[in-house]
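First comes the structure, then the notes that go with it.
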Amino acid sequence: MWTYWRTRNGSTRIKLAIARSIPYFFEDLRGGLIHQVSNLLRFTGIHANMKRLGMKLGIVKAPENTIPYISDESPIQQLATPVSKPIIFASYCIDASFQGNLKFCGGTKELNLLVKLLRQKGYEAYMVTYDGSYEPWLLDSQPHLSIAEYQEKLKSAQNVRCVTSLAGAKAFIQPSQQIYFWDMELAITEHQDFAALAELYQGKLKGVAAISRTIQAWHMAHFQRACTLLPNLIDRTLWFPTPEQRQPRRIGYMVEGSHTEAYLTVIQEAIRAKGLDLEFQRIQGIEAEVLAGMRSCEVFLSMNIGKDLLWGEGCPRTVIETLATGCVVIAFDIIGNRETIQDNFNSILVPRYRPDLMAEALVRLYNIPGELDRLRTNALALMQACHTFEARWSAIQEFLQL
């Protein structure tokens with residue numbers, strides 16, 4: 595699906611650099627030339643002599659005192675004609691082999707939450723997958739359309755917003771006139787999808803949002819365009835703490851890859867060596883099962899090392915959802931976690947690939963009286979202030995020009 599993307603990216607970057615440089619070159623050349631000629635004319639007195647001659651011949655108007663006035667011919671501003679609310683479609687469908695309905699995918703959930711919020715605000719909004727189907731793993735899946743139904747709606751709708759999280763989502767992007775891109779994963783945008791994104795910037799791209807400051811800055815630096823910050827959304831009607839279900843000294847974790855078992859062994863051995871008695875709980879399954887598991891834990895170990903050696907992972911939903919349940923997180927320092935967690939304020943960050951430091955942080959948490967409560971209180975305050983639907987609504991309005 596993404597064969598030879600490195601070669602394509604290289605040529606795209608060269609074209610982008612040339613396209614950006616040419617206007618600057620001529621602007622600098624023109625500005626410098628005009629400046630030098632103007633200085634020469636003024637220095638030799640030619641400019642003043644030509645101006646006086648022009649005034650004598652009536653070619654140049656003599657300066658006269660004027661007072662500000664409002665022209666009678668000034669156009670009267672008309673009130674804007676009311677426009678109907680746009681219909682919003684959200685998808686990352688590429689084709690029949692990548693239908694945009696992945697199970698246990700953060701992007702799937704993020705777009706579903708966007709659609710849910712828009713519908714709550716009175717907008718007609720839909721998820722779009724290739725055949726309209728979806729995996730029933732979320733607690734609250736939103737209405738879905740097939741690509742064919744989406745195309746039919748585009749024919750009659752005058753005011754639409756087409757939102758994608760994947761620049762290479764050809765089946766969704768191709769029928770649309772304009773695209774709004776919410777970038778959630780730089781490991782894909784920077785690599786496989788860079789050429790497709792550059793093409794969108796030259797044509798269909800109407801609005802851009804990023805799920806983190808790092809991704810926002812990347813877009814602004816590469817394409818010299820404004821980019822809205824739109825971090826993760828949290829549905830507080832579902833994700834909230836239930837202290838009565840929280841089990842003392844229960845530590846949650848998920849299988850985050852082939853490294854998980856070895857990392858967990860390192861952590862458990864270090865804990866035993868310190869004489870600390872903790873219960874380790876594996877969390878997995880559909881959203882309802884994950885939510886119950888998170889609520890039952892005091893601490894969650896996020897052993898996600900990311901999708902990319904450099905970029906890590908955009909903004910893993912696991913961490914933000916864990917914090918929303920009042921569970922304190924110890925996570926590896928990758929770009930998404932770095933922006934959700936303020937180290938030692940609302941949870942703890944440790945360098946990537948260092949389970950030994952994760953174990954040390956866990957020991958400290960249980961050796962400092964009141965530390966868990968302090969971090970939990972700060973985490974819940976941050977969730978309420980920054981990640982609820984209402985907290986993110988203004989950013990969504992800016993991004994989608996609502």
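Each number in my numbering corresponds to the 1-based position in the sequence shown with 594 added.
We put the beta carbon where it would ideally sit given N, CA and C, even for glycine.
Would you say Asn898 faces chain C, with C-beta separation under 8 Å as the test? Structure shown: chain C not included; a single protein chain is present.
Is the beta carbon of Trp833 closer than 8 Å to that of Ala803? Translated into positions along the sequence shown, residue 803 becomes position 209. Translated into positions along the sequence shown, residue 833 becomes position 239. For the pair Ala803 and Trp833, the CB atoms are not nearer than the 8 Å cut-off.
Does DSSP put Leu673 in a helix, a strand or coil? Position 79 of the sequence shown holds residue 673. Note on Leu673: pLDDT 44, under 50, position unreliable in the model; the coordinate value appears next. If DSSP states are grouped into helix, strand and coil, Leu673 belongs with coil.
In this structure, what does DSSP give as the bridge partners for Arg840? To locate residue 840, count along the sequence shown from 1; it is residue 246. In the DSSP output, where bridge partners are listed per residue, Arg840 has none listed.
Looking only at C-alpha atoms, which of Gln818, Thr822, Gln875 sits nearest to Ile845? In the sequence shown, the residue the question calls residue 845 occupies position 251. When each option's Cα is compared against that of Ile845, the closest is Gln875.
Ala789 versus Gln810 - alpha carbon distance: Locating residue 789 in the sequence shown gives position 195, where the first residue counts as 1. Locating residue 810 in the sequence shown gives position 216, where the first residue counts as 1. Answer to the nearest angstrom: the Cα atoms are 18 Å apart.
By the three-class DSSP mapping on this structure, what secondary structure does Phe775 have? Counting from 1 along the sequence shown, the entry for residue 775 is found at position 181. The answer is strand: DSSP assigns Phe775 an E or B state.
Expressed to the nearest angstrom, what Euclidean distance is found between the alpha-carbon atoms of Asp937 and Leu748? Here the question's residue 937 lines up with position 343 in the sequence shown. Here the question's residue 748 lines up with position 154 in the sequence shown. Rounded to the nearest angstrom, the two C-alpha atoms are 46 Å apart.
Applying the criterion that 16 or more other CB atoms from any shown protein chain within 10 Å of the CB defines a buried residue, is Ala815 buried or exposed? Residue 815 sits at position 221 when you count from the first residue of the sequence shown. So Ala815 counts as exposed.
Look at the Cβ atom of Ile828, then the Cβ atom of Ala918, and state whether they are nearer than 8 Å. Residue 828 sits at position 234 when you count from the first residue of the sequence shown. Residue 918 sits at position 324 when you count from the first residue of the sequence shown. Yes. Within cutoff.
Backbone CA spacing between Leu996 and Ala955 [nearest angstrom]: Counting from one through the sequence shown, the residue named residue 996 turns up at place 402. Counting from one through the sequence shown, the residue named residue 955 turns up at place 361. About 44 Å.
Which of helix, strand or coil DSSP assigns to Asp689: Your numbering for residue 689 matches position 95 in the sequence shown. Asp689: strand per DSSP, three-state reduction.
By DSSP, does Ser770 sit in helix, in strand, or in coil? Position 176 of the sequence shown, counting from 1, holds the residue named residue 770. When secondary structure is reduced to three states using DSSP, Ser770 falls in the coil class, being assigned neither helix nor strand.
Quick check on DSSP: helix, strand or coil for Arg948? Here residue 948 refers to the residue found at position 354 when the sequence shown is read from its first residue. Coil, per DSSP.
Helix, strand or coil for Ala925? Go by DSSP, reduced to three states. Walking along the sequence shown from the start, residue 925 turns up at place 331. Looking at Ala925 - three-state DSSP - the assignment turns out to be strand.
For a quick check, are the C-beta atoms of Gly726 and Leu707 less than 8 Å apart? In the sequence shown, counting from the first residue as 1, residue 726 sits at position 132. In the sequence shown, counting from the first residue as 1, residue 707 sits at position 113. Going by C-beta atoms, Gly726 is not nearer than 8 Å to Leu707.
Would you kindly work out how many angstroms separate the C-alpha atoms of Asn753 and Gly797, rounded to a whole number? One-based indexing of the sequence shown puts residue 753 at position 159. One-based indexing of the sequence shown puts residue 797 at position 203. Near 18 Å, if we compare the C-alpha coordinates of Gly797 and Asn753.
Unbroken alpha helix (DSSP H) runs of length 4 or more, entirely within the region 954-995: which are they? 965-980, 983-994
Of all the options Glu915, Gly920, Pro910, Gly801, which has the alpha carbon lying nearest to the alpha carbon of Phe926? Translated into positions along the sequence shown, residue 926 becomes position 332. With distances taken between Cα atoms, Phe926 lies closest to Pro910.
How is the alpha helix (DSSP H) around Ala815 delimited, first residue to last? Start at 1 with the first residue of the sequence shown, and residue 815 comes out as number 221. Start and end: 807-817.
Spatial distance of Arg946 from Val923 (CA atoms): Position 352 of the sequence shown holds residue 946. Position 329 of the sequence shown holds residue 923. Counting only the Cα atoms, Val923 lies some 14 Å from Arg946.
How long is the line joining the alpha carbons of Ala674 and Ser691, rounded to whole angstroms? To locate residue 674, count along the sequence shown from 1; it is residue 80. To locate residue 691, count along the sequence shown from 1; it is residue 97. Because the pLDDT at Ala674 is just 46, under 50, the model does not fix this residue reliably, and the point stays unresolved.
3-residue-minimum beta strand (DSSP E) runs that sit fully inside the region 838-905, ordered along the chain: Qualifying beta strand (DSSP E) stretches, in chain order: 844-847, 873-876, 893-896.
Measure how close the beta-carbons of Phe993 and Gly801 come, nearest whole angstrom, since I'm counting them as under 8 Å. On the sequence shown, position 399 is the one that residue 993 refers to. On the sequence shown, position 207 is the one that residue 801 refers to. Indeed they touch by this definition, with Cβ atoms about 5 Å apart.
Taking only runs of the beta strand (DSSP E) that begin and end inside the region 700-766, which ones reach a length of at least 3 residues, in chain order? The qualifying runs are 718-723, 738-740, 754-758.
Decide if His853 is buried, meaning its Cβ has at least 16 other Cβ atoms within 10 Å, or exposed. Counting from one through the sequence shown, the residue named residue 853 turns up at place 259. Its Cβ having fewer than 16 others within 10 Å, His853 is exposed.
Report the partner residues of Ile914 according to the DSSP bridge assignment. As a working mapping, residue 914 is identified with position 320 in the sequence shown. Bridge partners of Ile914: none, in fact.
Rounded to whole angstroms, what is the Cα-Cα separation between Glu743 and Ile782? Within the sequence shown, the letter at position 149 stands for residue 743. Within the sequence shown, the letter at position 188 stands for residue 782. For Glu743 and Ile782, the distance between alpha carbons rounds to 28 Å.
Find the nearest neighbour of Asp950 within the set Gly887, Gly900, Lys901, Glu863, judged by alpha-carbon distance. Working through the sequence shown from its first residue, we reach residue 950 at position 356. Residue Glu863 is the option with its Cα nearest to Asp950.
Residues near Ser678 in its chain [Cβ-Cβ closer than 8 Å; skip 5 each side]: In the sequence shown, residue 678 corresponds to position 84, counting from 1. Result list for Ser678: Gln752, Asn753, in chain order.
Looking only at its own chain, which residues have a Cβ that is under 8 Å from the Cβ of Gly964, when we skip the five neighbours before and after it? For the purposes of this step, residue 964 is identified with residue 370 of the sequence shown, where counting begins at 1. Here the set comprises nothing.
Under the rule that 16 or more other beta-carbon atoms within 10 Å means buried, what is Pro680, buried or exposed? Stepping through the sequence shown from its first residue, residue 680 is reached at position 86. Pro680 counts as buried, since at least 16 other C-beta atoms from the protein chains shown sit within 10 angstroms of its C-beta.
If I measure Cβ to Cβ from Ile608 and keep anything under 8 Å in the same chain, skipping five residues before and after, which residues do I get? By 1-based counting over the sequence shown, the position of residue 608 is 14. Residues of the same chain with their beta carbon placed closer than 8 Å to that of Ile608 are lacking, with the five preceding and five following residues left out of the count.
Buried or exposed for Leu705, please, with buried defined as at least 16 other CB atoms from any protein chain shown within 10 angstroms of its CB. Reading the sequence shown from its first residue, position 111 is the one you call residue 705. By the neighbour-count rule (16 or more Cβ atoms within 10 Å), Leu705 is buried.
Residue nearest to Ile741 in terms of C-alpha spacing, selected from Leu872, Gln693, Gln772: Translated into positions along the sequence shown, residue 741 becomes position 147. Taking each of Leu872, Gln693, Gln772 in turn and checking the Cα distance to Ile741, the smallest one comes out for Gln693.
Rounded distance between the beta-carbons of Tyr857 and Phe894, thought under 8 Å: Your numbering for residue 894 matches position 300 in the sequence shown. Your numbering for residue 857 matches position 263 in the sequence shown. About 14 Å; that fails the 8 Å criterion.
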